[in-house]
Structure formats: C-alpha cells, structure tokens
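**Student:** Quick note on the UniProt record's numbering: the sequence shown kicks off at 1 and runs consecutively. So that we are looking at the same thing, I have put the structure below in structure tokens.
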Amino acid sequence: MLKPTLVTLPETKLVGKKRSMSLLDNQTQALWQDFMPNRELITNRIGNDYYSVQNYSTDYFETFNPAKSFVKWAAVAVDAFENIPNDMESFILPTGLYAVFEHKGMDTAIFQEIFTEWLPNSTYILDHRPHFELLGERYKNNNPNSEEQIWIPIRSL
Numbered sequence: 001m002l003k004p005t006l007v008t009l010p011e012t013k014l015v016g017k018k019r020s021m022s023l024l025d026n027q028t029q030a031l032w033q034d035f036m037p038n039r040e041l042i043t044n045r046i047g048n049d050y051y052s053v054q055n056y057s058t059d060y061f062e063t064f065n066p067a068k069s070f071v072k073w074a075a076v077a078v079d080a081f082e083n084i085p086n087d088m089e090s091f092i093l094p095t096g097l098y099a100v101f102e103h104k105g106m107d108t109a110i111f112q113e114i115f116t117e118w119l120p121n122s123t124y125i126l127d128h129r130p131h132f133e134l135l136g137e138r139y140k141n142n143n144p145n146s147e148e149q150i151w152i153p154i155r156s157l
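Following this line, the structure appears as structure tokens:
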C-alpha cells in the first residue's frame, strides 16, 4: 500500500520550457532534449533538482482520455525571474497541499495505483493545481535504480 508524505509546498518559481502533449502523443523526451542543453543559462537557480510539471485543464480528470492534451514543463527552481533565457519561460507552482510519493524504478503503474487505490481510499480529493515529479540527485533516466518524487495536489474532502 502506498504511504505518501503530506507536504505543503510554498509558492515555487520555475524557469524552463513547455510543450503541449497527450499521453498518446507523449513528447516528454523531446521536451527534455530541448531543455537540457541550455539549462546552464538560467540564472538565480535554487538547488540541483529538476521539475517535470504537468499542468492539466480543470476537466482533464473527469473522463479518462489518453488523447486529451495537457501542458508539460521541464524546469528548474529559481529565486527570481530575472534574465530568463530567450527561448524559456517562467511558471509559478502555487502553494498548496501535496501527497508526495517516493518512487524507485521505471514502472509507471504507480500513477494508476495513486489515482485508483490511494486517492479514493484517502480523506483527500484531487486539487486543481499542477502535478509534478521532482528529479533529484538519485534520478537516473531510464534506469531501474532511478528514484524520484511524485507530487500530487490534494485537498481535504
């Protein structure tokens, strides 16, 4: 059974690149390949973590449709929106409560478990704020030993 940590995220400023995509037309790899070569141009960076952010429409989760589009970001945290590289944009993660799941490996079934088992059996509902994965020093792309945090926005019933 999944046991998340509940964390209130303070407002977090991000700088990065975004792309509209769907689960069927997943362009995550292309987004990161576009972002990573110029990441060092971002000034005012806080820490070494990367943020893989999904920004969904208000009706995205009403009916599952793998062709429905959302906006995905590849980004880093900053303490100020100054000197943003020309081909990048700013984004703010608003403050709010998150269920944070530690995840190891490449199995994406954890998302189904979160939304079909953990969330319905908790005292929380999904909140309309961005979802994200925090990719820290233990993250290793396409590696079975990779570790990341999955942040799901929630609020009390």
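Ideal Cβ positions, reconstructed from N, Cα and C, are used throughout, including at glycine.
List the whole-angstrom C-beta distance separating Ala-67 from Lys-13, where the pair is believed to meet the contact cut-off of C-beta under 8 angstroms.
**Tutor:** Start at 1 with the first residue of the sequence shown, and residue 67 comes out as number 67. Start at 1 with the first residue of the sequence shown, and residue 13 comes out as number 13. About 32 angstroms separates the two Cβ atoms, so there is no contact after all.
**Student:** On the criterion of 16 or more Cβ atoms from any shown chain inside 10 Å, does Arg-138 qualify as buried, or is it exposed?
**Tutor:** By one-based count along the sequence shown, residue 138 stands at place 138. Exposed, because fewer than 16 other Cβ atoms sit within 10 Å of the Cβ of Arg-138.
**Student:** State buried or exposed for Phe-61, treating a residue as buried only when at least 16 other CB atoms are found within 10 Å of its CB.
**Tutor:** For the purposes of this step, residue 61 is taken as residue 61 along the sequence shown, with counting starting at 1. Label assigned to Phe-61: exposed.
**Student:** Which complete alpha helix (DSSP H) runs does the UniProt domain "AraC effector-binding" (2-155) hold, if anything under 4 residues is left out?
**Tutor:** The qualifying runs are 28-35 and 109-113.
**Student:** Pull up the distance between the alpha-carbon of Pro-4 and that of Met-106, whole angstroms please.
**Tutor:** Numbered from its first residue, the sequence shown carries residue 4 at position 4. Numbered from its first residue, the sequence shown carries residue 106 at position 106. Straight-line Cα distance between these residues: approximately 18 angstroms.
**Student:** With a cut-off of 8 angstroms on the beta carbons, I'd call Thr-116 and Leu-157 a contact; round off their distance for me.
**Tutor:** Stepping through the sequence shown from its first residue, residue 116 is reached at position 116. Stepping through the sequence shown from its first residue, residue 157 is reached at position 157. Between Leu-157 and Thr-116 the Cβ distance is about 17 angstroms, and since that is not below 8 angstroms, they are no contact.
**Student:** Leaving out five residues on either side along the sequence, give the residues of the same chain with a beta carbon under 7 angstroms from the beta carbon of Pro-10.
**Tutor:** On the sequence shown, position 10 is the one that residue 10 refers to. Closer than 7 angstroms at Cβ, skipping near neighbours: Thr-95.
**Student:** Looking at Tyr-42: is its Cβ nearer than 7 angstroms to the Cβ of Val-15?
**Tutor:** Here residue 42 refers to the residue found at position 42 when the sequence shown is read from its first residue. Here residue 15 refers to the residue found at position 15 when the sequence shown is read from its first residue. The sequence as given places Ile at residue 42; Tyr does not occur at that position. The answer is yes: Cβ separation under 7 angstroms.
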